[in-house]
Every structure is written in C-alpha cells, then in structure tokens.
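Asks: Dropping the structure in here first, questions after.
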Amino acid sequence: MVLNELLNYDTLRLIWWALIGVLLVGFAVTDGFDLGSGMLLPFTARNDLERRVVINSVGPVWEGNQVWLILGGGAVFAAWPQLYAVSFSGFYLAMFVILSALILRPVAFKFRSKREAPQWRARWDGVLFFSGLVPALIFGVAMGNVLQGVPFRFDRDMHIFYDGSFFALLNPFALLCGGVSVAMLVTHGAAWLVLKTDGPVADRARRYGMAAALATIVLYAAAGMLLWSFIGGYRITSVVDAAGPSNPMLKTAEVHAGAWFLNYAAHPWTMAAPAAGLAGALAALLALALRRGGLALLAAGLGIAGIILSVGASMFPFILPSSIEPRASLTVWDSSSSHLTLFNMLVVTCIFLPLILAYTTWVYHVLWGKVDQAAIRDESGHAY
Amino acid sequence: MDLDIVALSRLQFAVTALYHFLFVPLTLGLSILLAIMETVYVMTGRVIWRDMTKFWGMLFGINFAMGVATGVVMEFQFGMNWSYYSHYVGDIFGAPLAIEGLMAFFLEATFVGLFFFGWDKLSKVGHLITTWAVAIGSNFSALWILIANGWMQNPVGAAFNPQTMRMEVNDFYAVLTNPVAQAKFVHTVSAGYLCASVFVLGVSAWYLLRGRHIELAKRSMTVAASFGLAAALSVAVLGDESGYLSSEHQKMKLAAIEAMWETEPAPAAFTAFGFPDQEARETHYAIHIPAVMGLIGTRSLTGVIPGIDELVKRAEVRIGEGIKAYDALQAIRAAGSTTTVPQGVRDTFENNGVDLGYALLLKRYVDDPRQATPEQIRQAAWDTVPQVAPLFWLFRTMVGIGMLLIALMGTFFVLSARRSLGRYRWLLKIAVFAIPLPWIAIESGWLVAEFGRQPWIIEGVLPTAVAVSNLGVKTLLLTLAGFIAIYTVLLVIEMKLLLKVIRHGPEQEHAPGVGASPPHGMPAPNLPLASAE
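Protein chains in written order, with this note's numbering: chain R, 1 to 384; chain G, 385 to 917.
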C-alpha cells in the first residue's frame with residue numbers, strides 16, 4: 001500500500017475539506033429547490049390541482065436530491081469522523097427534529113395521492129410544508145452556531161462531552177442564519193416553480209421568490225455585519241503540522257476578534273464567495289422580475305453556493321470550533337481520517353461522482369419541460 | 385437491565401434498525417422481481433407483463449418510501465448516539481457507508497422517480513434500464529452496509545493508533561473481501577428475495593382464491609415460486625456458511641446460539657430443543673441430536689467447538705493481556721509517540737495490542753483497568769457471554785421458518801410446472817397466511833447477529849458500553865418515544881395503504897388476457913424491438 005503516498009496527507013485533507021463543501025452545495029442546490037417548493041406549497045397553490053402541480057414538479061427528482069444529504073453524512077463519517085461524532089451527538093435534539101421532518105417527507109409525497117379525501121390530503125400538505133421549513137431553518141441555525149463555536153470538549157480517552165442544550169442553539173445570531181437559509185431556499189424553490197409550472201402557480205411563485213431573494217440579500221448582509229462586529233472568530237496559536245496525526249488536542253487555539261475575516265485579507269480571491277452569494281441572490285431577483293425561471297434557478301443556485309462557501313472560507317482551517325475549550329476545536333489539519341482512508345475514498349469519489357452527475361443530468365433531461373396539468377388530471381403517468 | 389444511557393441507546397438503535405429492516409428486504413427482492421417481469425414484457429411484448437410490473441411497482445413504491453424514510457435515520461445515528469464508536473472506528477466503518485451513498489443510493493433514488501414518472505417519457509428499453517438501475521442500486525446498498533456490518537463482526541485490516549486513539553485501516557482490501565461480509569451479503573439479499581417472493585406468492589394466491597385477476601396472479605406466482613425457491617435454498621446455504629464462519633470468528637456467538645455451556649467431545653451434538661438457564665449455566669430438558677453441531681460448525685468429525693465455560697476462561701486470559709496493552713498505551717501516550725518510549729513498552733503494545741479491547745471491558749467497573757480486582761476481571765470475563773436464551777430461541781425461529789418456506793416454495797414451483805397453481809385451495813390459503821413469516825425470520829436473524837455479538841459493538845475491539853454518546857437519560861427517552869410514535873403511525877398507515885391497493889387490484893386499462901392490444905398507440909406487441917424504439 002504505497003499508492004496513497006501519491007498525494008500528501010495535507011493535500012488530501014485540503015481536497016476532502018473542499019469535497020465536503022461540494023457535497024453541502026450539491027445538497028443545497030438540488031434538495032434546496034424541493035424543500036423550497038414544499039415551503040411555498042401553501043402560498044402558491046390554492047386548490048388540489050394546483051397543489052398537485054407543485055408536488056409533481058419535484059415528484060420525480062426529490063428522492064435523488066435528498067441522497068446528497070445522505071451522502072454528506074456518509075462522507076463526513078468516512079473523511080472527518082470526529083466532525084461526524086461531535087456535531088451529530090452535540091446537536092442531538094436538533095438532529096432528531098430534522099430527522100423527524102425527513103422521515104415524514106418521503107411518506108408525504110408517496111401517500112398523499114393514495115386517497116381522495118380532502119382532509120387526508122390537507123394533512124400531508126401540512127407535512128410537506130413543515131418538512132421543507134424545519135430542515136432549512138435548522139441547518140441555517142446549526143451553521144450560525146458553528147460560526148460562534150460549540151460547547152464541546154474531549155476527555156483523555158477522546159470521549160466527547162457537550163455542555164450545551166437545544167434551546168441554547170436558538171440564539172439571535174443563529175436564528176438570523178436560519179433566516180438566511182430559509183430565504184435562499186425559498187428563492188430557489190420559487191425559481192424552480194417559475195421554470196416548471198405556468199399560470200397562477202408560476203405567478204405567485206414569482207412574487208414570493210422576489211420577496212425571498214430580497215430577504216436573502218438583507219439577512220445575509222446583516223449576518224455578515226453582526227459577525228464582523230460582535231462575534232469573535234478562532235485562530236490556532238501553536239505551530240501547525242498540516243500532515244500531523246488526527247488528534248485535535250495536540251494544538252492550542254484561542255478566541256480572537258475578527259479572526260473570521262483574516263482569510264479574506266490574506267487571500268482576497270476568497271471574497272469571491274460572499275460576492276457570489278450577494279450577486280446570485282440579486283441576479284435571481286432580477287431574473288424572477290423578468291419571468292426567466294431557468295436563469296433565476298441558476299442565479300439562486302450560485303447565490304446558495306456562494307453563501308455556503310463563504311462560511312467555509314471565513315472559518316478555514318477551522319471546521320468546528322469549541323467555545324469552552326478552543327484547543328479541542330476540529331480543524332482541517334487534525335480531525336480527518338487516516339492518509340490511506342482519505343486516499344481510497346478520493347479514488348472512489350473520482351470514479352462515482354462523475355457517473356452520478358452524468359445520470360442525474362440524463363434524468364433531468366428526460367423530465368425536461370413544464371409539468372403537464374392534463375396528465376395530472378387524467379391520472380396517467382403515475383403522478384403523485 | 386436498568387435504563388441507563390447504554391441500554392436506551394441500544395434500544396433506540398434496535399428499534400430504528402428493526403423498523404428499517406421491515407421495508408428493506410421487500411425493496412431488495414421486489415425490485416429484482418419488477419426488473420424480471422419488465423424484462424419479460426420487453427422481450428415478449430406481452431402487455432400483461434407490463435401490467436404486472438406496474439401493479440407490483442405500486443406496492444413497491446409505498447414500501448420504498450418507508451424504506452427511504454427510516455433509512456435516513458440510520459445514516460446519522462452512529463454519530464448521534466454512538467459518538468465514541470464513530471470516533472474510534474470511523475476511519476474504517478465510515479468508508480463503506482460513504483461508498484454506499486456514492487454507488488447505491490444515488491442510483492436507486494435517482495431512477496426510482498423515473499420508474500414511476502417515466503412510463504410515457506421513455507422507450508421500452510429505456511424504462512427497462514431504469515428499473516434495473518433501481519434493482520441494482522438497492523442490492524448494491526445491501527452489499528456495502530453488510531461490508532460495514534461484517535467488519536463489526538470480524539474486524540480485519542485495521543490496527544489501533546495510539547496518537548489518534550482510534551482504529552485505523554491498514555488493509556482496505558481485507559475490509560472489502562472480509563469473508564464474514566461476503567456470506568452475510570448473500571444470506572441477507574437472498575432473504576430479501578425470498579421475502580418478496582413470499583409476498584408476491586401470497587397476494588397472488590389471495591387473488592386466485594377470490595377468482596380475480598387470474599392471469600396476472602398465475603404469472604406472478606410462477607415468477608415468485610421459481611425465484612423464491614432459488615432464494616430460499618441460497619438463504620439456507622449461506623446461513624450455513626455464516627454458522628461455519630462464526631465457529632472461526634465468533635465462537636462465543638455460536639456457543640450461545642447452541643446453549644453449549646461446556647466443550648463437548650467432537651463431533652458436538654446439536655440441541656434441537658431446551659430451556660437455557662443463564663444463572664445455572666445449563667440447558668434444562670435439552671433434546672440433543674448427536675454429531676450435527678460438530679458437522680455444521682467445523683465441517684469435520686474431529687473439530688472441537690469450544691463451549692461457553694471454556695470461552696470465558698479464554699476471555700479472562702485476554703483481559704489480562706489487554707491490561708498489559710493498556711498500561712503500555714498509557715506509557716506511549718505520556719511519552720507523546722511510539723518512538724520515544726523504551727523498546728520493551730513498544731514490544732508489549734505490539735504483542736498485546738490486539739487485546740486492548742478486552743481491557744476496555746473493565747471500564748464498566750473501574751475507571752482505570754489497571755486497578756481492577758481479580759473479582760472484577762472474572763466478572764468482565766463473564767460479561768462476554770451474551771443472553772443465551774433469546775439467541776437460542778430466535779435462531780431456531782429463523783431456521784424453522786426458513787425450512788417451512790423452502791417447502792412452500794418447492795411445492796408451488798412443482799404446481800407451477802404442472803400448470804395447476806389454482807387446484808388446491810388449502811395450499812393457496814397457506815400461501816396467504818405465510819406472508820408474515822419471512823419478516824419474523826428476518827427480524828430474528830438480525831437479532832441473532834447483533835444480540836449475539838454483545839457485549840461487543842466491534843467484536844473483540846470495542847465494548848458496546850463505552851461506545852455511546854454522553855447524552856441525558858431524559859433526552860434519550862424523548863427521542864426513543866418520538867421515533868417509536870412516528871414509525872408506528874407510519875407503519876399503520878402504510879399497511880392500510882398496501883391493503884387498499886391490493887384490494888383494489890391492478891388497473892384494468894384494457895381487456896385482460898395475453899397479447900391484448902396495447903393502449904396509447906404503442907407499437908403492436910410482436911414487432912421486433914428495434915422498430916419499437
């Protein structure tokens with residue numbers, strides 16, 4: 001086993017840090033529009049046929065989209081086991097709430113159309129709304145907490161202890177980040193509905209989407225300013241061994257005001273991320289105003305990618321800072337899998353990710369075009 | 385067992401896994417059956433085979449949604465409830481989970497939408513490829529999750545790294561080709577095929593009893609009986625292989641399943657019936673069948689299968705070795721790296737490192753295993769014995785049902801070959817009532833595999849008791865109750881919907897029968913494939 005020596009440990013860590021970003025963005029821009037469509041369901045559709053148009057617009061693709069999240073879980077487990085262990089056990093109840101929503105969502109899609117009764121369908125419509133809203137909100141809230149640092153520490157055997165509570169997660173800055181997340185995914189969902197539907201559903205989606213795009217810009221800018229003025233970042237105070245053993249306790253770190261903005265000063269090109277976040281949302285706003293659904297979808301996707309990557313760019317090399325014991329913070333250099341595992345997983349990813357992108361593109365190509373209202377009405381095509 | 389965080393975390397994992405496993409076997413098998421049916425449709429052009437694909441596909445879809453819903457939890461709960469486990473073995477265990485996502489989940493989930501929405505958008509062959517993609521995707525996912533699970537039973541290709549305080553992979557190929565994982569994979573997917581076959585056979589038998597959808601039901605039964613017979617035999621052969629491998633890698637599990645307290649002279653007898661008594665360490669009213677156990681476990685007349693008492697003695701020795709490894713580990717950690725400690729300490733760790741996990745068994749009783757009293761060591765050695773009575777009974781339930789289903793599938797295979805599927809109403813009734821049996825066997829099998837591994841979460845490497853997250857009892861009770869409530873409500877709704885679809889029966893889009901003219905202006909069934917494109 002010397003093949004893995006082809007790539008240095010530190011290079012592999014950097015690649016895997018970037019790949020987690022790719023997976024997060026993949027999840028947010030694919031599952032994002034169907035979560036967004038779910039949130040828009042009560043507002044864009046006024047009768048059962050319209051609701052079925054909205055649901056069927058994402059019907060054939062939401063399942064594949066959600067795999068980005070599942071793969072994200074698996075990839076974090078494989079490449080960043082400590083991040084997987086600390087974040088999911090620390091955010092335990094928040095994860096339970098997200099999982100409850102994600103358990104109910106597939107079932108709501110599948111079961112809703114199986115009975116005619118209006119009450120039955122209304123109940124599942126409610127589930128689709130909340131199961132879109134809750135994950136969108138909580139993922140944003142989680143990001144907001146990660147930026148502030150999370151109260152965890154290790155004992156000498158590396159057992160993890162988390163000293164926070166569920167309600168402590170719901171602090172003002174984190175809720176603001178939750179707002180950004182909801183607004184950007186609603187924008188994305190609205191762009192999708194403008195692209196895939198027509199008539200009153202598309203009209204309403206356009207109006208809500210424009211409002212959500214505006215909200216994205218305002219909330220994201222506000223979050224950035226709060227981060228700048230009130231929230232201290234973290235920095236490593238010991239010598240960094242980028243290829244050292246994956247043990248966070250071998251370094252020292254401290255809270256340092258403005259640390260989350262040091263990377264932008266040192267590497268100005270990283271400012272492309274927040275700039276893309278703002279420009280994408282603005283472009284989505286304009287494209288929606290011009291009724292250009294496809295363009296709006298691309299622009300909103302760009303905005304989402306920019307916003308997510310700006311979090312990564314601000315925090316690098318930190319992945320999960322600890323607020324109660326900064327030296328326990330997880331960073332790119334000390335919380336990855338072994339050299340061999342990172343290499344093996346990179347090989348597997350290089351084989352399968354292009355394949356996935358190819359067949360996903362093919363499926364979207366087959367399903368190209370607006371949702372066919374007539375087909376929904378006459379029940380052909382096994383629609384939801 | 386009092387309700388501490390270990391017990392609650394185990395209970396929550398068992399509940400979520402057992403619920404998930406209600407839906408997985410049917411998905412595994414039905415996806416392949418759908419692909420077979422649709423292949424027949426594309427090759428013969430007979431529309432009834434497309435109707436069969438659509439009808440069983442509807443039931444598949446309802447079940448698949450539940451599988452997806454309950455599966456999301458599985459991907460995250462190792463981190464949520466088992467954070468020390470995730471840290472300790474994530475370097476090895478995480479990889480197959482990630483590969484499962486890349487190779488399997490994307491394939492099945494991306495194409496399953498097209499399976500339902502693509503009938504009018506795709507060519508015949510295009511849709512057939514879609515169906516096979518779903519089937520291959522779901523079966524690949526079983527492969528990777530069983531490579532992960534196989535590693536928990538037989539942790540090959542990894543070693544402990546004192547600097548990172550965790551297991552790290554040193555031979556990825558060994559993890560992939562783990563013989564335990566291979567046997568488990570074929571055993572489990574075969575059980576899924578059998579489960580789906582029994583389901584299709586039973587529902588079709590019900591239609592025959594009611595005199596409805598005769599053509600569709602008979603063809604479905606023929607497919608189910610042939611596929612199901614092959615699957616049932618494969619389940620048994622690979623189940624036997626698993627037993628053989630246990631005698632090599634998990635001797636305690638095997639001894640507990642057999643309630644074999646003392647080592648018997650070879651070849652050991654098989655205990656067909658009895659009441660194992662953990663306290664008295666004996667089996668009351670046991671009925672023995674001479675030599676059978678020795679033959680299954682060692683495939684020889686001379687191989688000795690160690691009994692529980694002997695294995696406990698061996699565990700006690702290994703705990704002693706583990707304490708030495710633990711002591712060496714502390715010295716290495718205090719020195720900062722393996723290179724700065726005396727050669728003697730390094731040698732001790734090299735030689736006894738494999739038993740480090742045995743020292744961790746003492747963590748239940750004492751914070752520092754080096755301080756353990758002889759009494760505590762004896763107690764920890766006895767902890768390596770899993771609960772014998774449930775294993776004994778669950779295993780016999782599983783095997784008994786397996787035998788019954790081989791007979792059932794064999795019978796209907798013969799009936800199908802003689803074209804007399806509908807002749808014996810009592811046999812049809814048995815087929816209907818057999819529907820729940822594979823699920824009982826499968827859930828029993830999961831319990832035998834996982835309950836039998838206790839007290840280890842990774843056999844011989846990491847005890848379950850130290851692998852949990854430090855969560856509050858109240859928090860765990862809340863989520864446990866939450867999962868049970870959500871899953872149970874959904875299960876009830878799912879069963880009602882399945883029954884509704886079954887009662888309603890297949891869509892009557894056109895006259896029943898073979899070779900009826902296809903709807904929607906599709907080409908005539910007997911045209912060659914090329915012109916159908």
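We put the beta carbon where it would ideally sit given N, CA and C, even for glycine.
Please report whether the beta-carbon of GLN373(R) lies at a distance below 8 Å from any beta-carbon of chain G.
Replies: Looking up residue 373(R) in the first sequence gives position 373. It does not: the Cβ of GLN373(R) has no partner Cβ on chain G nearer than 8 Å.
Asks: Kindly list, in the order they appear in chain R, the residues whose Cβ is closer than 8 Å to that of HIS404(G).
Replies: As a position in the second sequence, residue 404(G) is number 20, starting the count at 1. The contacting residues do not exist; HIS404(G) stays about 11 Å from chain R at best.
Asks: Does any CB atom of chain G fall closer than 8 Å to the CB of ILE20(R)?
Replies: Mapped onto the first sequence, residue 20(R) falls at position 20. False, the Cβ-Cβ gap to chain G never drops below 8 Å.
Asks: Can we say the region 87 to 107 of chain R touches the region 448 to 464 of chain G, given the rule of at least three CB pairs closer than 8 Å?
Replies: Contact between the region 87 to 107 of chain R and the region 448 to 464 of chain G is present, because at least three Cβ pairs lie under 8 Å.
Asks: Thinking C-beta only, is SER522(G) closer than 8 Å to SER415(G)?
Replies: Here residue 415(G) refers to the residue found at position 31 when the second sequence is read from its first residue. Here residue 522(G) refers to the residue found at position 138 when the second sequence is read from its first residue. Yes.
Asks: Taking 8 Å as the limit between beta carbons, can you name the residues of its chain near THR606(G), skipping five residues before and five after?
Replies: Mapped onto the second sequence, residue 606(G) falls at position 222. Answer for THR606(G): SER800 and LEU805, listed in chain order.
Asks: Applying the criterion that 16 or more other CB atoms from any shown protein chain within 10 Å of the CB defines a buried residue, is ASN4(R) buried or exposed?
Replies: Locating residue 4(R) in the first sequence gives position 4, where the first residue counts as 1. ASN4(R) should be labelled buried.
Asks: Closer than 7 Å by C-beta to PHE797(G): which residues in its own chain qualify, once you throw out the five before and the five after it? Chain order, please.
Replies: Taking the first residue of the second sequence as 1, we reach residue 797(G) at position 413. ALA609, SER610 and LEU613, listed in sequence order.
Asks: Is it buried or exposed, GLN755(G), if we count other Cβ atoms within 10 angstroms and call 16 or more buried?
Replies: Here residue 755(G) corresponds to residue number 371 of the second sequence, with the count starting at 1. Classification for GLN755(G): exposed.
Asks: For ALA284(R) versus GLY306(R), is the C-beta distance shorter than 8 Å?
Replies: Numbered from 1 along the first sequence, position 284 holds the residue referred to as residue 284(R). Numbered from 1 along the first sequence, position 306 holds the residue referred to as residue 306(R). No, they are not a contact pair.
Asks: So does the region 8 to 17 of chain R actually touch the region 35 to 46 of chain R, counting three or more Cβ pairs closer than 8 Å?
Replies: These segments do not touch.
Asks: May I have the straight-line CA-CA distance separating PRO563(G) from LEU622(G), to the nearest angstrom?
Replies: Within the second sequence, the letter at position 179 stands for residue 563(G). Within the second sequence, the letter at position 238 stands for residue 622(G). Rounded to the nearest angstrom, the two C-alpha atoms are 11 Å apart.
Asks: Please compile the residues from chain G whose C-beta is within a distance smaller than 8 Å of the C-beta of GLU116(R).
Replies: One-based indexing of the first sequence puts residue 116(R) at position 116. Residues of chain G passing the Cβ test: none, with the nearest at roughly 12 Å.
Asks: So does the region 57 to 77 of chain R actually touch the region 825 to 834 of chain G, counting three or more Cβ pairs closer than 8 Å?
Replies: With a cut-off of 8 Å, the region 825 to 834 of chain G and the region 57 to 77 of chain R do not count as touching, because too few Cβ pairs lie within range.
Asks: List the DSSP bridge partners of LEU176(R).
Replies: Within the first sequence, residue 176(R) is the residue found at index 176, counting from 1. None; LEU176(R) has no bridge partner.
Asks: Helix, strand or coil, according to DSSP, for VAL255(R) in the structure here?
Replies: Along the first sequence, read from residue 1 onward, the residue named residue 255(R) stands at position 255. In the structure shown, VAL255(R) sits in a strand (DSSP, three-state: E or B).
Asks: Could you give the C-beta distance for GLU599(G) and ILE432(G), rounded to a whole number, given that I count them as a contact under 8 Å?
Replies: On the second sequence, residue 599(G) is found 215 positions in, with the first residue counted as 1. On the second sequence, residue 432(G) is found 48 positions in, with the first residue counted as 1. Their Cβ separation, rounded to whole angstroms, is 6 Å, which keeps GLU599(G) and ILE432(G) in contact under 8 Å.
Asks: Looking at the C-beta of MET143(R), does it have a partner C-beta in chain G at a distance below 8 Å?
Replies: Here residue 143(R) refers to the residue found at position 143 when the first sequence is read from its first residue. Judged by the 8 Å Cβ criterion, MET143(R) is not in contact with chain G.
Asks: Look up ARG13(R) in the DSSP assignment and say whether it is helix, strand or coil.
Replies: Locating residue 13(R) in the first sequence gives position 13, where the first residue counts as 1. Residue state, collapsed to three classes: helix.
Asks: Is the Cβ-Cβ distance between GLN547(G) and ASN247(R) less than 8 Å?
Replies: The residue you call residue 547(G) lines up with position 163 of the second sequence. The residue you call residue 247(R) lines up with position 247 of the first sequence. Yes; because the gap between Cβ atoms is below 8 Å, this pair is in contact.
Asks: Taking buried to mean at least 16 other C-beta atoms within 10 Å of its own C-beta, is PRO822(G) buried or exposed?
Replies: Your numbering for residue 822(G) matches position 438 in the second sequence. By the neighbour-count rule (16 or more Cβ atoms within 10 Å), PRO822(G) is buried.
Asks: What residue does the beta strand (DSSP E) around THR437(G) start on, and which one ends it?
Replies: Here residue 437(G) corresponds to residue number 53 of the second sequence, with the count starting at 1. Counting along the chain, THR437(G) falls outside any beta strand (DSSP E), though it belongs to the alpha helix (DSSP H) covering 431 to 465.
Asks: If you measure between the beta carbons of THR187(R) and ALA300(R), is that distance less than 8 Å?
Replies: The residue given as residue 187(R) occupies position 187 in the first sequence. The residue given as residue 300(R) occupies position 300 in the first sequence. Yes. Within cutoff.
Asks: Just the Cα atoms here: how many angstroms apart are TRP810(G) and ALA589(G)?
Replies: Here residue 810(G) is taken as the residue at index 426 of the second sequence, counted from 1. Here residue 589(G) is taken as the residue at index 205 of the second sequence, counted from 1. Straight-line Cα distance between these residues: approximately 10 Å.
Asks: Roughly how far, in whole angstroms, is the beta-carbon of SER322(R) from the beta-carbon of VAL150(R), given that I think they are within contact range, below 8 Å?
Replies: Residue numbering aside, residue 322(R) sits at position 322 when the first sequence is read from its first letter. Residue numbering aside, residue 150(R) sits at position 150 when the first sequence is read from its first letter. That pair is a contact at about 6 Å.
Asks: Leaving out five residues before and five after PRO480(G) in sequence, what residues of the same chain have Cβ atoms less than 8 Å from its Cβ?
Replies: Residue mapping note: residue 480(G) aligns to position 96 of the second sequence, counting from 1. Correct list, in chain order: TRP528, ILE529, ILE531, ALA532, TRP535 and VAL559.
Asks: Terminal residues of the continuous beta strand (DSSP E) containing ILE842(G)?
Replies: Position 458 of the second sequence, counted from the first residue, corresponds to residue 842(G). ILE842(G) -> beta strand (DSSP E) spans 840 to 842.
Asks: Roughly how many whole angstroms lie between the Cα atoms of ASP198(R) and ARG292(R)?
Replies: In the first sequence, residue 198(R) corresponds to position 198, counting from 1. In the first sequence, residue 292(R) corresponds to position 292, counting from 1. Each residue's Cα considered, the two are about 12 Å apart.
Asks: The beta strand (DSSP E) that contains PHE659(G), what's its start and end?
Replies: Position 275 of the second sequence, counting from 1, holds the residue named residue 659(G). Element bounds for PHE659(G): 654 to 661.
Asks: Below 8 Å between beta carbons: does that hold for ALA296(R) and ALA287(R)?
Replies: As a working mapping, residue 296(R) is identified with position 296 in the first sequence. As a working mapping, residue 287(R) is identified with position 287 in the first sequence. Yes.
Asks: Using a Cβ-Cβ cut-off of 8 Å, state whether THR428(G) counts as contacting chain R.
Replies: On the second sequence, residue 428(G) is found 44 positions in, with the first residue counted as 1. No, no contact with chain R.
Asks: What span of residues does the alpha helix (DSSP H) with ALA608(G) cover, start to end?
Replies: Walking along the second sequence from the start, residue 608(G) turns up at place 224. It spans 598 to 633 - the alpha helix (DSSP H) in which ALA608(G) sits, taken as one unbroken run.
Asks: Taking ARG121(R) as the reference, give the member of ASP48(R), ALA221(R), TYR162(R) and GLY224(R) with the closest Cα.
Replies: Counted from its first residue, the first sequence places residue 121(R) at position 121. Looking at the Cα atoms, ASP48(R) is the closest of the given residues.
Asks: On the three-state DSSP scale, how would you describe THR197(R)?
Replies: Residue numbering aside, residue 197(R) sits at position 197 when the first sequence is read from its first letter. Coil, per DSSP.
Asks: Which chain R residues are close to VAL553(G), counting only those with a beta carbon under 7 Å from its beta carbon?
Replies: The residue given as residue 553(G) occupies position 169 in the second sequence. Within chain R, the residues near VAL553(G) are SER338, LEU340 and THR341.
Asks: So, under 8 Å CB-CB, THR44(R) and LEU193(R) are touching, yes? Tell me the CB distance rounded to an integer number of Å.
Replies: Here residue 44(R) refers to the residue found at position 44 of the first sequence. Here residue 193(R) refers to the residue found at position 193 of the first sequence. Yes, THR44(R) and LEU193(R) are in contact; Cβ-Cβ is about 6 Å, under 8 Å.
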